[in-house]
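Quick note, this note's numbering runs 6 ahead of the 1-based positions in the sequence shown.
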Amino acid sequence: VQAASERGVAVGNTPGAVEGATADMTMALLLATARNIVVGDSFARSNEFQHYDPNRFVGHEVHGSTLGIVGLGRIGTEVARRAKGFGMKILYYNRRRNSEIEQELAVEYVSLEELLHRAHFVTLNVPMTNQTRHMIGETELRSMREDGILINIARGGVVDHEALYKALKERWIVAAAIDVTEPEPLDRKHPLLSLKNLVITPHLGSATFKTRKRMGEMAIANIRAALKNLPLPFAVKPT
């Protein structure tokens with residue numbers, strides 16, 4: 007953005023367009039992983055399913071459990087709103103405390119270390135920056151509960167993939183779900199793709215008809231303004 011601004015190039019984006027859809031997807035991944043939806047679906051379609059066994063695919067309860075949100079920005083806040091509907095206890099870690107949201111949603115601010123240690127579910131809702139690259143690595147994954155579940159819907163580079171593979175393979179944590187990878191897509195022989203305790207989706211965070219339409223309309227508004235040499239209505243300012 008700084009380089010573009012120095013050259014007189016306006017930069018626009020679509021703020022506020024994706025929060026709801028991405029928060030919905032966060033909860034979808036959390037529920038799917040906790041209740042073994044993906045492996046259960048595969049099993050139900052297979053020839054192995056010959057009789058009902060109540061001991062198969064026993065999952066983890068979401069209601070009443072503890073959710074740790076890493077990054078309580080606009081998306082993280084929407085995740086917290088949805089989690090309240092499940093009666094979850096909510097912890098959060100952020101660069102800055104948000105006392106207003108703490109009061110509104112009864113969320114508790116803690117350190118990243120404490121969040122990882124206490125939360126049954128950890129959702130990553132941070133932007134991709136130099137500070138957040140591989141912020142979840144071996145040390146952090148080993149800090150999580152053995153019955154912990156990690157959800158990454160931020161950016162692939164926020165999680166060290168090699169460490170995540172070890173954590174899932176060696177059962178440091180029980181499961182994970184990721185909507186993003188680095189690179190995207192992963193090589194078809196990547197070891198993460200072999201794991202049954204990993205749910206992986208192809209970057210579906212904003213993939214709803216209404217959200218994509220809203221993004222397109224905002225982009226069009228930016229383009230129209232730029233063609234008329236007017237300020238962009240949804241401009242990205244240099245920091």
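Think of the CB as a built atom: it goes at the ideal place given N, C-alpha and C, for glycine as much as any other residue.
Just so it is clear, the structure is predicted and the values come from calculations on it, not from any experiment.
Where G74 is concerned, the enclosing beta strand (DSSP E) starts and stops at 72-76.
Close CB contacts of Y115 within its chain, under the 7 angstroms cut and outside five residues either way in sequence, are with Y98, R103, E108 (chain order). DSSP places T129 in the uninterrupted beta strand (DSSP E) bounded by 127-130. Looking at L73, R139, A169, N100, the one whose alpha-carbon comes closest to that of A89 is L73. Listed as beta-bridge partners of E114 by DSSP are L97. By the C-beta density criterion, T135 is exposed, having fewer than 16 other C-beta atoms within 10 angstroms.
Closest in alpha carbon position to L156, among L122, T138, E188, N100, is L122.
Here P60 has no same chain residue with a Cβ atom under 7 angstroms from its own Cβ, once five neighbours each way along the sequence are excluded. With fewer than 16 other CB atoms across the displayed protein chains lying within 10 angstroms of its CB, L236 is exposed.
Between N19 and F240, the CB-CB gap stays under 8 angstroms.
Residue G154 holds the alpha-carbon nearest to the alpha-carbon of R177 among V165, F49, K219, G154. Inside the segment 161-191, DSSP marks whole alpha helix (DSSP H) runs of 4 or more residues at positions 167-175, from first to last along the chain. Judged by beta-carbon spacing, L233 lies beyond the 8 angstroms limit of A16, meaning their Cβ atoms are not closer than that value. Secondary structure note for N228: its alpha helix (DSSP H) is the uninterrupted segment 215-233.
In this structure, the CA atom of N53 is about 16 angstroms from the CA atom of F63. Around P191, the same chain offers no residue with a beta carbon nearer than 6 angstroms, after the five sequence neighbours per side are excluded.
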